[in-house]
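**Q** Numbering (the UniProt record's numbering), first residue to last: 1 to 402.
For each residue, glycine too, the CB sits at the ideal point set by N, CA and C.
These figures come from a predicted structure and were not determined experimentally.
Could you have a look at this structure, given as structure tokens, before my questions?
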Amino acid sequence: MNLFLRRVLPPIAIVLLTIVLIVVLFKSMKPPEKKPEDETLPVVKVVTAEPQTVTLSLSSYGTVNPKYRTQLVSEVQGRIQQVAPQFVAGGMVKKGDELAVIEPFDYQAALKQAEANLAQAQASLEEERARGEVAKVDFKGFSGVPPELGLRKPQLKQEQANVKYAEAELDRARRNLERTVIRAPYDAIVSSRSVNLGQYVTVGTNLGELFDTDIAEVRLPLANKELAYLESVDNPYTEVTLTAQLAGKTVNWQAHIVRSEGVVDPDNRMVYLVAEVQDPYLRHTIAQTGQLALKFGSFVDAEIRGRTLSNVVKLPRYLVRNNKVAVVNDEDRIEMRSVKVVRTDLQDIYLQDSLSHGDRVAETTLVNMESGLKVKVAGEATPSSKANDEEQQHQLAKAGNE
């Protein structure tokens, strides 16, 4: 009996006690709280619309050319007697500067001869006038009408014509003598020189070429549809910013559209606008810090100022399809909204009077994107998660009070 109490009864008691504890625990344990399963929603990123006033700009490009270029040719013949030091390619000259001189000796002699001929013709005219006065005296007592030949009127007219001819010859001789000096017609840069000292030239010989440095022109091609972005298609006078890489840095120049060429180029179907830059070589302008001369032949990019529009939203181009964007409304549902496109470029699209301030435009593209689709906005809590967070906070606050 004692052996039974010492060896058998304790294990049995432990087992019974364990069973009782398990039963008590099962009866006191509450069933787990059932939580509603979260609805699986597609997650989208959004961008907030911010309407603003936008000045449209049109991108173009072109090559800088002089507005005026002049081929210098000889108007007289002779040997080149003198060439100015600045009459070389790249030389800067001012209006009226002597560039070259043709031997003037023959033309000086021709001028003297013309002066002598004029003096002789004038003397003959005076002599003929005197003869006419004598003839009037001789025919004073003549009955009837004296003949014009007798009064020497035809001879007087001939001498007057001879004087005019001699004056014309004198003017021609003076002009020819002046033409022996080749002068710059305006402030210019010498593009090329085709003659050298001692070379014999004839009338029409090419001497060189000058580029006017007062005004530069840039032809800017635009697609025909882009003209709608200008303030006026017929009078496209607007500002242009030209940009080029010079001396290892980016330099800008201000220009103005002065005209449209008015035709569509048959080769590339482009319309050309012409921009002008005043004093491109900074010969009459005080250069600002970092400003460099705009050299002829430079390739430049151009930003043409276009129309100014209000209530415009700028978005990435891929967000608009078939003139519609996906807007996430206050209920986190997709709304496919029609929009008014006023401008597109390679990266962006401009919408006018289509979106309000704060509208959320979906950046994520879904396969089944359609109006009414429930979505979850990335970075924002769903209504159910918000409720759970509030419940947890309430329970924590209650436990703290207890």
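(1) Asn311 to Thr53, Cα distance in whole Å?
(2) Among Gln254, Pro236 and Lys249, which residue has its Cα nearest to the Cα of Gly262?
(3) The alpha helix (DSSP H) with Pro154 in it runs from where to where?
(4) Give the DSSP-derived three-state secondary structure of Lys295 in the structure shown.
(5) Distance check for Pro154 and Lys136, CA to CA, integer angstroms please.
(6) Relative to the alpha-carbon of Val327, which residue among Leu373, Glu303 and Phe296 has its alpha-carbon at the smallest distance?
(7) Do you know how far the Cα of Glu128 is from the Cα of Glu167?
(8) Assign Ser384 to one of three DSSP states: helix, strand, or coil.
(9) Could you give the distance in angstroms between the alpha-carbon of Val15 and the alpha-carbon of Ser28?
(10) How many angstroms separate the CA atom of Lys233 from the CA atom of Leu315?
(11) With a cut-off of 8 Å, do at least 3 Cβ pairs link the region 90-109 to the region 249-268?
(12) Is Leu309 near Leu58, with beta carbons less than 8 Å apart?
(13) With burial defined as no fewer than 16 other Cβ atoms inside 10 Å of the residue's Cβ, what is the status of Arg152: buried or exposed?
(14) Would residue 424 be called buried (16 or more neighbouring beta carbons within 10 Å of its own) or exposed?
(15) If you draw a straight line from the alpha carbon of Glu335 to that of Tyr350, how long is it in whole angstroms?
(16) For Glu239, is the classification buried or exposed, using 16 other Cβ atoms within 10 angstroms of its Cβ as the cut-off for buried?
(17) Looking at the structure shown, is Glu231 part of a helix, part of a strand, or coil, going by DSSP?
(18) Taking only the alpha-carbon atoms, compute the straight-line gap between Glu126 and Asn162 and give it to the nearest angstrom.
(19) Among Gln160, Pro104, Val93 and Asp106, which one has its Cα closest to the Cα of Ala123?
(20) Is the beta carbon of Val274 closer than 8 Å to that of Val264?
(21) Give me the Cα-Cα distance between Met369 and Glu331, rounded to the nearest whole angstrom.
(22) Between Ala89, Arg307, Ala13 and Val203, which has its C-alpha nearest Leu230's C-alpha?
(23) If we call anything under 8 Å between Cβ atoms a contact, is Ala378 one with Ser60?
(24) Contact check, Val218 vs Val64 under 8 Å by CB: the rounded distance?
(25) Taking DSSP's pairing of strands, which residues face Gln278 in a bridge?
(26) DSSP on Ile286, reduced to helix/strand/coil?
**A** Based on what the coordinates show:
(1) Distance between the alpha carbons of Asn311 and Thr53: 6 Å.
(2) Cα-wise, what sits closest to Gly262 is Pro236.
(3) It spans Lys153 to Glu178 - the alpha helix (DSSP H) in which Pro154 sits, taken as one unbroken run.
(4) Looking at Lys295 - three-state DSSP - the assignment turns out to be coil, as it is neither helix nor strand.
(5) When rounded, the distance between both Cα atoms is 14 Å.
(6) In terms of Cα proximity to Val327, the closest of Leu373, Glu303 and Phe296 is Leu373.
(7) Between Glu167 and Glu128, the C-alpha separation is close to 18 Å.
(8) Residue placement at Ser384 is flagged as unreliable, the pLDDT there being 49, under the threshold of 50; the coordinate-derived value follows with that caveat. Under the three-state reduction of DSSP, Ser384 is assigned to helix.
(9) Those two C-alpha atoms are separated by around 20 Å.
(10) It should be noted that the sequence gives Val, not Lys, for residue 233. Looking at the two C-alpha atoms, the distance is approximately 27 Å.
(11) A contact is defined here as three or more CB-CB pairs under 8 Å, and the region 90-109 fails this definition with respect to the region 249-268.
(12) Their beta carbons are not under 8 Å apart, which means Leu309 does not touch Leu58 by this criterion.
(13) By the neighbour-count rule (16 or more Cβ atoms within 10 Å), Arg152 is buried.
(14) No answer is possible for residue 424: it lies beyond the span of the chain, which begins at 1 and ends at 402.
(15) In this structure, the straight-line span from the alpha carbon of Glu335 to that of Tyr350 is close to 19 Å.
(16) With fewer than 16 other Cβ atoms within 10 Å, it is exposed.
(17) Secondary structure of Glu231 (DSSP, three-state): coil.
(18) Their Cα atoms are separated by approximately 12 Å.
(19) Looking at the Cα atoms, Gln160 is the closest of the given residues.
(20) Taking the C-beta atoms as reference points, Val274 is found no nearer than 8 Å to Val264.
(21) Near 16 Å, if we compare the C-alpha coordinates of Glu331 and Met369.
(22) Proximity to Leu230 across Ala89, Arg307, Ala13 and Val203 peaks at Arg307, based on C-alpha coordinates.
(23) The answer is no: Cβ separation not under 8 Å.
(24) Right, the Cβ-Cβ distance comes to about 6 Å (below 8 Å), so this counts as a contact.
(25) Answer is Ile215, bridged to Gln278.
(26) DSSP places Ile286 in coil when its eight states are reduced to three.
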